[in-house]
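Novice: One structure follows; several queries about it will come next.
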Amino acid sequence: MWIGLDSVAIADEIYEALADDQAFAALPSRIAAQVGGRSCALMTYAPDGALQSLTFNYFTPEMIDFYWATQMYRHDPWYQAAAQPRALNRAAAMGEAVTPDAYLKSKFYNGFIRPFGDDTFHCVAGMVTFAGGSGGLGLHRAMGDRVFTEGDGARVQALIPHLRLLFQVRTALAKAEQRLQLAEAAMNAQQQAVFVTDETGRPLQMNRRAETLARAGAGVRLTRQGLRASDPATDARLADAISEAGKGTRRGAALTLPRPSGGPPLRAVVAPLTISERTRVLVLVDDPADHDEDLSDKLARVYGLTVAEAATVAALVADRTPQEAAAQRGVSLPTVRTQIQQALAKTGARGLSELVRLAASLPRIARDPEG
Numbered sequence: 077m078w079i080g081l082d083s084v085a086i087a088d089e090i091y092e093a094l095a096d097d098q099a100f101a102a103l104p105s106r107i108a109a110q111v112g113g114r115s116c117a118l119m120t121y122a123p124d125g126a127l128q129s130l131t132f133n134y135f136t137p138e139m140i141d142f143y144w145a146t147q148m149y150r151h152d153p154w155y156q157a158a159a160q161p162r163a164l165n166r167a168a169a170m171g172e173a174v175t176p177d178a179y180l181k182s183k184f185y186n187g188f189i190r191p192f193g194d195d196t197f198h199c200v201a202g203m204v205t206f207a208g209g210s211g212g213l214g215l216h217r218a219m220g221d222r223v224f225t226e227g228d229g230a231r232v233q234a235l236i237p238h239l240r241l242l243f244q245v246r247t248a249l250a251k252a253e254q255r256l257q258l259a260e261a262a263m264n265a266q267q268q269a270v271f272v273t274d275e276t277g278r279p280l281q282m283n284r285r286a287e288t289l290a291r292a293g294a295g296v297r298l299t300r301q302g303l304r305a306s307d308p309a310t311d312a313r314l315a316d317a318i319s320e321a322g323k324g325t326r327r328g329a330a331l332t333l334p335r336p337s338g339g340p341p342l343r344a345v346v347a348p349l350t351i352s353e354r355t356r357v358l359v360l361v362d363d364p365a366d367h368d369e370d371l372s373d374k375l376a377r378v379y380g381l382t383v384a385e386a387a388t389v390a391a392l393v394a395d396r397t398p399q400e401a402a403a404q405r406g407v408s409l410p411t412v413r414t415q416i417q418q419a420l421a422k423t424g425a426r427g428l429s430e431l432v433r434l435a436a437s438l439p440r441i442a443r444d445p446e447g
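Letter by letter, the sequence shown follows residues 77 to 447 in the numbering used here.
Written as structure tokens, this is what we have:
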């Protein structure tokens, strides 16, 4: 077994690597040095066996790119041997499970190792399972180096409980980070400004559109006291709506937020948002001056409108009259009226106002990544 100060040091480094990417990247070199290996790879896999992460200290970036692109790990005979049910959760020298002759005939060797001019030949491997996936360790030596022994496998075995915890924690953290990134990306894709605040209006989270809107002070602004309306007469109403929503005593409120410079006011909805039994406040702010640049394309795809019909409806959504839409598009008023009638028939709308509401209600995605 692995005994002495080195085992304590490696265990300490493994636990340092739970949430430290730099410490984790250094682990393969440290583990390889302890057993006299030339290289070490640490891998995690999804429940379906797909490779999720790979940390190494030897293979070139070109080899790693090829390994990922071709899913070469699925042809790795050492991985396949270590993943057998009877072999799980322990480390062992692979000389008996994968004979030299079998290795030299494998697709892994002939399709990966050999074409890159590499001479990786001997291996100690181990696979561990945990909730949410599995993890693997591979220690390697060159063809001309000495064969790994059972003693080498036993020394690596001492790391297995620590590595299982390492893989499990880092997999959970990676999934949490991915969920956070997806949530942020989804928020930033919204055309609306999204603010999440506490009951005082202090912002806890916002999307890029909200940052842009607040920075411009066009209806809402951020102060030391939190989210506030630019218009003093409306500010008390917004603060009251946020306070009441933060107490969870009101289902929500809707109000308009005048612009200091004039123009159509912003439209805001304030609602309670319960997270882990604590009530936060969701403030959605829509700017009617923001036009959906993809509206014509969406109308054509969703309702089967022609390009001309969709362009006419999009003009109406942008507050153009039929006469203005005709002038803007360079067609006659009777042509626009015919296109409106065709759009009414295709969408099922019962009148012009319903047609405009129907078109304006189609989901919008922010095209500008900055808001």
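Where is the CB? At the ideal position from N, CA and C, for every residue including glycine.
Here the structure is a predicted model, which is why all the values come from computation and not from measurement.
Between His-216 and Arg-114, is the Cβ-Cβ spacing less than 8 Å?
Specialist: yes
Novice: Tell me whether Pro-336 is buried or exposed, calling it buried when 16 or more other Cβ atoms sit within 10 Å of its Cβ.
Specialist: exposed
Novice: Going along the chain, which residues of its own chain have a beta-carbon closer than 7 Å to the beta-carbon of Met-263, five neighbours each way excluded?
Specialist: Cβ within range, chain order: Val-270 and Asn-283.
Novice: Check the DSSP bridge columns for Arg-354 and list the partner residues they point to.
Specialist: According to DSSP, Arg-354 bridges with Ile-351.
Novice: With a cut-off of 8 Å, do at least 3 Cβ pairs link the stretch 198-213 to the stretch 155-169?
Specialist: yes
Novice: Excluding the 5 residues flanking Gln-415 on each side, which residues of the same chain have their C-beta closer than 7 Å to its C-beta?
Specialist: Ala-384, Glu-385 and Thr-388
Novice: Indicate the three-state DSSP secondary structure (helix, strand or coil) for Ser-437 in the structure shown.
Specialist: Ser-437 falls in the coil class under three-state DSSP.
Novice: Using DSSP bridges, identify the partner residues of Val-272.
Specialist: Gln-281 and Leu-358
Novice: Does the stretch 135-153 come close enough to the stretch 237-251 that 3 or more CB-CB pairs lie under 8 Å?
Specialist: no
Novice: Given that a residue counts as buried once 16 or more other Cβ atoms are within 10 Å of its Cβ, and exposed if not, what is Ala-145?
Specialist: exposed
Novice: Roughly how many angstroms separate the alpha carbons of Ala-99 and Leu-375, rounded to a whole number?
Specialist: 52 Å
Novice: Give me the Cα-Cα distance between Ile-236 and Arg-297, rounded to the nearest whole angstrom.
Specialist: 54 Å
Novice: To the nearest angstrom, report how far apart Leu-256 and Leu-358 are at their CA atoms.
Specialist: 18 Å
Novice: Given a threshold of 16 other Cβ atoms within 10 Å of its Cβ, counted over all protein chains shown, does Leu-333 qualify as buried or as exposed?
Specialist: Looking at its Cβ environment, which holds 16 or more other Cβ atoms inside 10 Å, Leu-333 is buried.
Novice: To which residues of the same chain is Gly-211 closer than 6 Å at the C-beta, ignoring the five residues directly before and after it?
Specialist: If we look at Gly-211 and ignore the five residues flanking it on each side, its Cβ neighbours are Thr-120, Val-204 and Phe-243.
Novice: Less than 8 Å between C-beta atoms, sequence neighbours within five positions excluded: which residues of the same chain meet that for Gly-380?
Specialist: Lys-422
Novice: Relative to the alpha-carbon of Thr-131, which residue among Asp-124, Asp-141, Gly-125 and Asp-366 has its alpha-carbon at the smallest distance?
Specialist: Asp-141
Novice: Give a yes or no on whether 8 Å exceeds the smallest Cβ distance from Arg-297 to chain B.
Specialist: Here chain B cannot be found, since the structure has a single protein chain.
Novice: Tell me which residues share the same chain as Ala-178 and place their Cβ nearer than 8 Å to its Cβ, disregarding the 5 neighbours each side in the sequence.
Specialist: Take Ala-178, set aside five residues on each side of it, and the residues of its chain with a beta-carbon closer than 8 Å to its own are Pro-153, in chain order.
Novice: What is the DSSP secondary structure of Ala-294, reduced to helix, strand or coil?
Specialist: coil
Novice: Please list the terminal residues of the continuous beta strand (DSSP E) segment that includes Leu-303.
Specialist: Counting along the chain, the beta strand (DSSP E) containing Leu-303 begins and ends at 302-305.
Novice: List the endpoints of the continuous beta strand (DSSP E) containing Ser-210.
Specialist: Membership of Ser-210 in the beta strand (DSSP E) is indicated by the continuous run 209-218.
Novice: Give the DSSP-derived three-state secondary structure of Met-170 in the structure shown.
Specialist: Three-state DSSP puts Met-170 in coil, outside helix and strand.
Novice: According to the neighbour-count rule (16 or more other Cβ atoms, all chains shown, within 10 Å of its Cβ), is Glu-446 buried or exposed?
Specialist: Residue placement at Glu-446 cannot be trusted, given a pLDDT of 46 that sits under 50; what the coordinates show is reported in the next sentence. Exposed, since its Cβ has fewer than 16 Cβ neighbours within 10 Å.
Novice: Classify Asn-485: buried if its beta carbon has 16 or more other beta carbons within 10 angstroms, exposed otherwise.
Specialist: In this structure the chain extends from 77 to 447, so residue 485 is not present and cannot be described.
Novice: Between the C-alpha atoms of Leu-81 and Asp-97, what's the straight-line distance to the nearest angstrom?
Specialist: Low confidence applies here, because Leu-81 scores a pLDDT of 37, under 50, leaving its location unreliable; read the following figure in that light. Cα-Cα distance, rounded: 24 Å.
Novice: So, for Ile-79: in the same chain, excluding its five sequence neighbours on each side, which residues have a beta-carbon less than 6 Å away from its beta-carbon?
Specialist: With a pLDDT of only 39 at Ile-79, under 50, the local geometry of the prediction cannot be trusted, and no value is derived from it.
Novice: Contact check, Val-393 vs Ala-402 under 8 Å by CB: the rounded distance?
Specialist: That belief does not hold up - the Cβ atoms of Val-393 and Ala-402 are roughly 16 Å apart, past 8 Å.
Novice: Distance check for Asn-186 and Leu-180, CA to CA, integer angstroms please.
Specialist: Here the C-alpha atom of Leu-180 lies approximately 7 Å from the C-alpha atom of Asn-186.
Novice: The beta strand (DSSP E) spanning Ser-115 covers which residue range?
Specialist: 115-121
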